[in-house]
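Presented below is the structure to which this report refers.
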Amino acid sequence: MITPRFSCSQTAESVIISVYCPSVRASDVEINVDGNLFSLHINPYFLRLNFTNSLIEDDASSAQYDPSTGYLNVKLTKEIKGQEFKDLDLLAKLLAPRPTVHEPMIEVISSESTAEDPDQLVTETQNLSLHEHEILEAANNDWQLPQEVPPPEQPTLRVNAQYGFLDLYSGYFTNVAYTENEVNELGSEAETLTLLERRQRRIKHEDEKWDEEYYVADFADDEYIRELILWNHPHLSDSGTTFTEKENVTMLNLPRKEYIPTGPQTRSLYLTLTTVLFSYAYDARTTQHDPTPESAWTICSLTPSFSALDPPPYHSESNINLELSSDEISATFVPSYRRSLAFPLYRSFALAEKCREDVAHFLLRGRRTVFRCLMEMKDILDHHDVYYVYSKVWLDDLCVWTQAYASVTEMFSDETLTRLGNAVKDASITKASVGWELEQLEVAIQNQASEEREVDSDDE
0 MITPRFSCSQ TAESVIISVY CPSVRASDVE INVDGNLFSL HINPYFLRLN FTNSLIEDDA
60 SSAQYDPSTG YLNVKLTKEI KGQEFKDLDL LAKLLAPRPT VHEPMIEVIS SESTAEDPDQ
120 LVTETQNLSL HEHEILEAAN NDWQLPQEVP PPEQPTLRVN AQYGFLDLYS GYFTNVAYTE
180 NEVNELGSEA ETLTLLERRQ RRIKHEDEKW DEEYYVADFA DDEYIRELIL WNHPHLSDSG
240 TTFTEKENVT MLNLPRKEYI PTGPQTRSLY LTLTTVLFSY AYDARTTQHD PTPESAWTIC
300 SLTPSFSALD PPPYHSESNI NLELSSDEIS ATFVPSYRRS LAFPLYRSFA LAEKCREDVA
360 HFLLRGRRTV FRCLMEMKDI LDHHDVYYVY SKVWLDDLCV WTQAYASVTE MFSDETLTRL
420 GNAVKDASIT KASVGWELEQ LEVAIQNQAS EEREVDSDDE
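And the structure:
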């Protein structure tokens with residue numbers, strides 16, 4: 000079945016669903032409404048939507064098909080007139096399945112003995128049918144093969160690593176040695192290293208790539224970097240967020256998944272989101288929001304959970320509460336700062352600070368702005384021959400998580416993002432926390448420049 004393109008709108012009394020299904024017979028349309036669940040089937044299309052409130056089919060409801068445009072317009076009446084249906088533009092949320100309610104599989108009826116009268120059992124057995132007799136006779140025969148105690152398992156040195164969104168993925172880097180994956184820092188051992196080993200590899204690689212002369216050169220001649228810092232991101236000046244047709248198509252192609260993260264996993268997702276948005280902010284600011292062929296490399300290189308499969312938290316005192324402390328936020332950004340000073344073209348601590356401010360503003364503007372940033376990153380990586388893998392194991396699920404679960408619970412509401420954005424805005428990342436003696440290098444270059452100015456003055 001094919002999920003068709005669709006859009007939703009509403010009036011005070013109705014919800015209108017416009018479905019693009021060209022070259023079909025209107026007589027074959029099957030529409031079903033069950034509370035807040037709407038389903039439509041017309042070969043070869045199938046659409047099932049979960050709305051936030053209930054709908055009904057009555058005399059005011061209608062379905063009209065326009066063969067000239069290929070659109071089927073379904074008008075359904077709201078069960079409560081005047082009730083607002085939220086997030087009708089979040090298509091992935093409408094397509095997401097209903098949350099599963101997990102109930103006990105076994106119910107204890109009574110703890111008393113169930114022994115019965117033997118004569119009664121004989122009577123019931125004689126009353127069994129022929130088929131039931133055959134089942135009992137087969138059960139009396141010993142059909143089992145001789146059983147032996149299995150030998151102890153040989154200890155295995157390595158197991159397949161789990162990584163990506165909620166550690167749901169493995170096997171994507173089995174043949175990474177035969178691809179041109181320049182951002183992979185784990186080599187052919189990406190599928191076997193533990194999280195601690197990955198983190199150690201990441202820190203070691205950052206220290207090896209750090210070049211103090213490169214940093215000093217950008218610090219001394221920072222004219223162009225100051226121009227990058229003064230640039231304003233267009234997403235921060237838009238009055239509203241209206242998704243384009245291309246973005247709507249991207250939403251329709253997102254996977255249909257249900258997530259049940261634990262408390263620590265939810266914390267890790269929030270923290271990972273900030274690091275991903277930092278990489279996006281750096282690339283957008285350095286390219287003036289006009290991605291280049293190097294954008295995919297930049298985004299993956301600056302994101303620890305991509306290049307080193309090392310997601311946060313990086314703070315040793317993380318707790319299970321959703322409220323994130325300022326120390327934990329600061330520790331989360333330290334690897335992003337380090338990578339922005341060791342890998343890309345422009346290496347400036349002031350530029351990294353500006354990118355963190357961008358992340359805070361994205362979060363403060365709400366989930367629609369965050370979702371748009373993630374979709375832009377996804378579009379960049381999806382069109383790369385190698386780095387598309389990071390879109391599969393991270394960005395696809397992050398897009399669904401930020402949209403489809405926006406208000407199923409308070410897990411990803413605008414209020415939560417506002418608190419997170421304020422925490423990112425108020426975070427303090429010191430140069431000493433980066434670990435490369437940045438302050439000493441900056442003081443040395445400032446003293447050198449001062450001495451050169453004094454010599455020039457004496458010559459004059």
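Using numbering that gives the first Met the number 0, read the sequence shown as starting at 0 and increasing by one per residue.
Even for Gly, the Cβ is constructed at its ideal location relative to N, Cα and C.
Residue from the options whose Cα sits closest to the Cα of residue i
i	options	result
residue 302	288, 337 and 287	337
residue 10	92, 77 and 434	77
residue 13	228, 64 and 83	83
residue 201	368, 333, 450 and 68	333
residue 89	45, 1 and 240	240
residue 6	309, 216 and 246	246
residue 280	254, 427, 234 and 448	234
residue 428	449, 446 and 329	329
residue 324	426, 450 and 273	426
residue 282	299, 403 and 242	299
residue 48	352, 39 and 309	39
residue 163	388, 447 and 244	388
residue 46	342, 31 and 67	31
residue 176	169, 188 and 165	188
residue 67	437, 352, 19 and 165	19
residue 29	185, 71 and 174	71
residue 276	250, 54, 254 and 374	374
residue 93	217, 65 and 37	37
residue 34	271, 57, 386 and 352	57
residue 86	354, 267 and 403	403
residue 343	27, 438, 278 and 242	278
Residues bridged to residue i (per DSSP)
i	result
residue 6	17
residue 469	A query on residue 469 cannot be resolved here, the shown segment of the chain reaching from 0 to 459 and no further.
residue 47	38
residue 162	168
residue 196	DSSP output for residue 196 lists no bridge partner at all.
residue 77	54
residue 29	40
residue 328	Answer by DSSP bridge pairing: none, since residue 328 is not bridged.
residue 428	Note: residue 428 sits in no beta bridge, so no partner.
residue 1	44
Between the CA atoms of residue j and residue i - distance to the nearest angstrom
i	j	result
residue 223	residue 284	12 angstroms
residue 220	residue 363	33 angstroms
residue 440	residue 211	8 angstroms
residue 372	residue 360	12 angstroms
residue 435	residue 424	24 angstroms
residue 296	residue 237	28 angstroms
residue 313	residue 327	8 angstroms
residue 306	residue 206	15 angstroms
residue 62	residue 16	9 angstroms
residue 287	residue 73	42 angstroms
residue 208	residue 262	35 angstroms
residue 442	residue 339	21 angstroms
residue 357	residue 392	25 angstroms
residue 23	residue 95	26 angstroms
residue 401	residue 367	8 angstroms
residue 2	residue 230	40 angstroms
residue 248	residue 378	12 angstroms
residue 350	residue 80	51 angstroms
residue 395	residue 444	44 angstroms
residue 75	residue 167	38 angstroms
residue 4	residue 304	33 angstroms
residue 462	residue 265	Residue coverage of the chain in this structure runs from 0 to 459, which leaves residue 462 outside it and unanswerable.
residue 309	residue 182	13 angstroms
residue 524	residue 294	Beyond the ends of the chain as shown, which are 0 and 459, falls residue 524; an answer cannot be given.
residue 380	residue 0	27 angstroms
residue 460	residue 65	A question about residue 460 goes unanswered here, because the residues of the chain that appear run from 0 up to 459.
residue 8	residue 50	12 angstroms
residue 27	residue 42	8 angstroms
residue 204	residue 225	28 angstroms
residue 290	residue 274	19 angstroms
Cβ distance (whole Å) where residue i is taken to contact residue j below 8 angstroms
i	j	result
residue 419	residue 214	Residue 419 to residue 214, Cβ: 30 angstroms. No contact.
residue 160	residue 179	No, residue 160 and residue 179 are not in contact; Cβ-Cβ is about 22 angstroms, not under 8 angstroms.
residue 365	residue 416	6 angstroms
residue 91	residue 369	That belief does not hold up - the Cβ atoms of residue 91 and residue 369 are roughly 13 angstroms apart, past 8 angstroms.
residue 165	residue 292	So it is not a contact: roughly 31 angstroms between Cβ atoms.
Minimum Cβ-Cβ distance from residue i to chain D less than 8 angstroms
i	result
residue 387	Structure shown: chain D not included; a single protein chain is present.
Quick one: which unbroken alpha helix (DSSP H) runs of 4-plus residues sit fully inside the region 278–322? Chain order, please.
The region 278–322 contains these whole alpha helix (DSSP H) runs: 294–301 and 303–306.
Please give me, in chain order, every unbroken run of the alpha helix (DSSP H) with length at least 4 that falls completely inside the region 215–251.
Whole alpha helix (DSSP H) segments, 4+ residues: 222–229 and 244–251.
If we require 4 or more residues per run, which alpha helix (DSSP H) segments fall completely within the region 340–403?
Entirely contained in the region 340–403, the alpha helix (DSSP H) runs reaching 4 residues are, in chain order, 348–363, 366–381 and 395–403.
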